[in-house]
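What follows is a short report on a single structure.
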Amino acid sequence: MMNKYHNKNNFMSLSVMSLFLAGTSISAMADDYYPASLFNIPGTDSQLTNEDIDVFKDNDNAPGKYKVTLIINNNKIAVKEIDFVLKKNNAGDEKLIPCLSLEEWKNAGLDFPLSDNDDTDGCLNINGIEYTHGYLDLNTKVYALTTPQSYINKDKLEALAQETWDNGIPALFINYLFSAVNRQHNDDSKDSYYGNIQTRINLGAWRYQNYSTWMNDNNNKNKWKNISNTLSRNINSLKSEFTAGNLYSSSQLFDSVKFRGVRLTTDRSMDPVSKTNYVPSISGIANSEAVVTVVQNGEIILRQSVPAGPFNLTEYYPMNNGGNLYVNVKETDGSEKNFIVPFSSISTLEKKGNVRYSISGGTYDSNNKGNGKKINQAEIFYGLTDFVTIFGGAFVAGGYQSGGIGAAFNFGAFGAITADVLHAKATLNNDKTSAGNAFRVNYAKRIEATNTSVSLVGYRHFDTKFYRFEDAMSYDENRNDRSKLKNEYTLSLNQPVFSGNSSLNLSAVIYEYTSGKKQKSYNTGFNSSFNKMNYGIYYNYYQGARTENGKNNTYNVSMNLSVPLNIKDNAIWANYNISSDGDHQTLQTAGLSGNYGKNQQGSWDIYQSQGNKGTGNSGGLSSAYRSQYATVNAGYSYSKNNKNLSYGMNGSLLATQYGVLAAPALQNTNALILTKDTAGIGIINGQSAQTNNSGLAVVSGMTPYRKNNIVIDTQTIPDDTGIENNIINDIVPTKGALILADFNVKKGYKLLITLKTPDNKEIPLGAKATMPGDAEYWVSNFNTLYFIADKEKGDIRVTWKQDGNMQQCVVRYDITGTLPKNGIYITELNCQREI
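Read left to right, the sequence shown gives residues -30 to -1, 1 to 805 (mature numbering (1 follows the signal peptide of the UniProt record, and there is no 0)).
Right under this line is the structure:
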């Protein structure tokens, strides 16, 4: 389904009318109707009457057909033309209702009790249904109905919600990143370059994506690598996503495996009660301008320069649904720190009756001996009760078969436990067969008394004859299998302290191998704030990676302090941190950092460091700026015998039927803003987003399968431009969609006219005003008319009904030489003649 989000031709601006309403003291909403004197009802001093006004007295709108958005209990149902009629309620008063039959209401997701309401004329009288109320708002063209939840057919409503999902418009995306570093060590100078390109083509529900990288190190040889190609689409009826190409199999029961083939998996984001995907934050402290590299399953998923001081990285995309993150922090002087961040999104508990599955098939994609082997994997999870989920699966490949079963239990106050058992039979490359078992237990709990979140406590054991698929494929008889994993322990917890202003975090990973070798990573940190100051203490221990001095373990203790020094509207911080490692090498760093720009879209950092044991002085500065076209960055740093100069740029190019647009790097799901050749209009919920000369802008980071709103910054609308509504509500994109948000922009002169008849009487509320070209508007409260005119002068034909007879007059406006107030021409005019 592809929708174009826009608003029709109703320029009745609530913000304009509020200028008049703000000065009144009429409690119009107190009695569900406006005072008759306000609307010139017969019997008042006003001689001019509009017979339709009796309807407005109690209903605000006249009967008739209107194209509106039907919303039930805040759920968007449909956009359709509905005939609105008057029906009596239980008190005998006439109220405006949509003329829909009982069957039509059922199709809209409602099971109304019939009681005494009849449907003989095809219009079910909802005025008589208890606790059910509706309101027609022609300014926003919405009919909103509220009704008890017991009348809601949830299954039907969910099916209707899917009809509002928008696959977007055809588009070509190119996300690009380029970075360069010049390193000088004494008299030796080396340059290195890195870039990546993520290309995507959208056509209907289909998404084609390519991810490629480029590197050029000191040998001046270009190294292009095609990381992945995928073709995917949503399958709404199954609430699933189909993907073909370079993929990873599910990691919930078996270890994730890279393969080339197809995958069909449940997409919980399509479910209205689903939880969003989780990725852990990667945090630490850089002693200088450093490069952070994150590796998952042997692939670099993030490489980013960070300034000196604490960093917290959350904007990265794991290659699959599991697998620990191996983090390397390389400082300006070449020193390195390593740690592991546990990562698993094993949300195995399902609601009663829910089914979640993943099916994969293709050929193994690896550099080891098993490359090219056919593989098939299936996993299924079923909510047996509200407290128990059972699951199982199978992994079958050439020379390898594995099966597993498990269960997850919700013990309420005692936490949740997941346990599973695997059995695998592998034919090794020496033609020997090995069969063994593995089991795993994970525990999660939130301790209410202390507000402690134990997000992951895990233990996993492999017996000596159990081989994971990749272990079996890389088996080497001469190695005697001494590097095979035997036990794995994981822990991750968070403890808020000091009334929630502080937190203590702890994570640990321990691997034990059959050779007796152990690999360990412990990370703990304390973060707090006091009187706008932020400070933290961190400890990191890593064993298993051999360092430059030959040691097999290392630790680091650090502390940081950040104090705000805001100047005018720009955020500025004074920063200090000190760190010490296992060799008692201490480094102190002091500096300033801040943001600048109207939307704080620019950032800068400057620091100076001093260390002992011959480290000497070091320092640097860096800056980044996010414009409406791209993000650019540059930095310089130095240390003893080393100088580094870095610069880079990242952004995106977007091509659609509406033109080509340059923008900062786009996320997965986006919205294209269309303002019809009007440049400079800002988008409030899009940092730095501003329409270009073609009237195009893009807002990134829309939430798929959820309602999204886009808001225009009204202060950026030119004086000669009018926008019917500065908000477009309830856009529901599918995953990866580029949806079109068309703001109905009209160029011209904005007029607010107070109308009078030739004999200086009032023009009533609800009178119709017809412009040249047959554009229609309605006279609003206080006999005012707001519209946008194409020309500086013209005629307006006004019609209304009085005593059953149609009345007409013509108003001639001429604003030549008149100065507007805040872009609006305000005047009072009388009809020149009656027709």
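Every residue, glycine too, gets a C-beta built ideally from N, C-alpha and C.
Tell me whether residue i is buried or exposed, calling it buried when 16 or more other Cβ atoms sit within 10 Å of its Cβ.
| i | result |
| --- | --- |
| K568 | exposed |
| I537 | exposed |
| S226 | buried |
| G292 | Caution is warranted here: a pLDDT of 46 is assigned to G292, below 50, making its placement in the model unreliable, and no coordinate value can be reported. |
| A61 | exposed |
| A129 | exposed |
| N196 | exposed |
| G268 | exposed |
| K705 | buried |
| Y101 | exposed |
| K307 | buried |
| L80 | buried |
| I417 | exposed |
| D390 | buried |
Report the rounded CA-to-CA distance for residue i versus residue j, giving the unit in angstroms.
| i | j | result |
| --- | --- | --- |
| D237 | V702 | 16 Å |
| I733 | V781 | 11 Å |
| K37 | F757 | 20 Å |
| I794 | T727 | 23 Å |
| V715 | N620 | 31 Å |
| A114 | L106 | 7 Å |
| K395 | Y445 | 14 Å |
| A364 | Q222 | 12 Å |
| Y334 | G215 | 12 Å |
| residue 806 | I723 | It is not possible to answer for residue 806, since the shown part of the chain is limited to -30 through 805. |
| S423 | S528 | 24 Å |
| I52 | N199 | 47 Å |
| A635 | L666 | 16 Å |
| K228 | Q179 | 17 Å |
| H554 | A260 | 21 Å |
| V325 | K343 | 30 Å |
| F82 | K126 | 14 Å |
| I643 | L272 | 30 Å |
How would you write the range of the beta strand (DSSP E) that residue i sits in, first residue to last?
| i | result |
| --- | --- |
| Q347 | K344 to G353 |
| E211 | S210 to Y218 |
| L72 | Where L72 is concerned, there is no enclosing beta strand (DSSP E), although the alpha helix (DSSP H) it sits in stretches over L72 to N77. |
| Q772 | K763 to Q772 |
| Y747 | E746 to W748 |
| I548 | I542 to D551 |
| L615 | N612 to T626 |
| residue 808 | With the chain represented from -30 up to 805, any question about residue 808 goes unanswered, as that position is not in the structure. |
| Y675 | Here Y675 belongs to no beta strand (DSSP E), and DSSP marks it neither H nor E. |
| M776 | N775 to D784 |
| N692 | Looking at the sequence shown, residue 692 is not Asn but Gly. Taken as a continuous stretch (DSSP letters only), the beta strand (DSSP E) holding G692 covers T691 to I693. |
Under 6 Å Cβ to Cβ from residue i, same chain only, skipping five residues before and after it: list those, please.
| i | result |
| --- | --- |
| D492 | In the sequence as presented, Asp is not what sits at residue 492; that position holds Tyr. Closer than 6 Å at Cβ, skipping near neighbours: A478 and Y511. |
| Y370 | A396, F439 and A442 |
| Y163 | A150 and N186 |
| A625 | L142 |
| I350 | Y327 |
| Y509 | T494 and V527 |
Please return the same chain residues whose Cβ sits closer than 7 Å to the Cβ of residue i, not counting the five positions on each side in sequence.
| i | result |
| --- | --- |
| N257 | A278, E301, S549, L557, T559 and S579 |
| V55 | P33, I67, C69 and C93 |
| N611 | H155 and N156 |
Would you give the residue range spanned by the alpha helix (DSSP H) that residue i belongs to?
| i | result |
| --- | --- |
| A175 | Where A175 is concerned, there is no enclosing alpha helix (DSSP H), given that its DSSP letter is neither H nor E. |
| M503 | Per DSSP, M503 belongs to no alpha helix (DSSP H); it is in the beta strand (DSSP E), M503 to Q513. |
| M443 | F439 to M443 |
| G128 | According to the sequence as given, residue 128 is Glu; it is not Gly. Start and end: K124 to E133. |
Going by Cα to Cα distance, which pick from the options is closest to residue i?
| i | options | result |
| --- | --- | --- |
| residue 845 | D784, D700 and M741 | Nothing can be reported for residue 845, as the shown portion of the chain is limited to -30 through 805. |
| Y483 | K456, S472, Q465 and T460 | K456 |
| N678 | L40, K46 and T169 | K46 |
| I345 | A48, Q168, G323 and S219 | S219 |
| S155 | D241, K613 and N204 | The residue asked about is misnamed: residue 155 is His in this sequence, not Ser. If we check each option's Cα against that of H155, K613 comes out closest. |
| A745 | D765, K731, I653 and P688 | D765 |
| N399 | G428, T117, G368 and S202 | G368 |
| L562 | G586, N530 and G581 | N530 |
| I255 | S239, G353, I271 and L283 | L283 |
| Y577 | M240, D683 and G564 | G564 |
| N582 | S573, A600, D551 and D575 | D551 |
| residue 807 | P118, E694 and S588 | Nothing can be reported for residue 807, as the shown portion of the chain is limited to -30 through 805. |
Cutting at 8 Å between CB atoms, please list the residues of its own chain near residue i, excluding the five before and the five after it.
| i | result |
| --- | --- |
| S499 | N471, S472 and Y505 |
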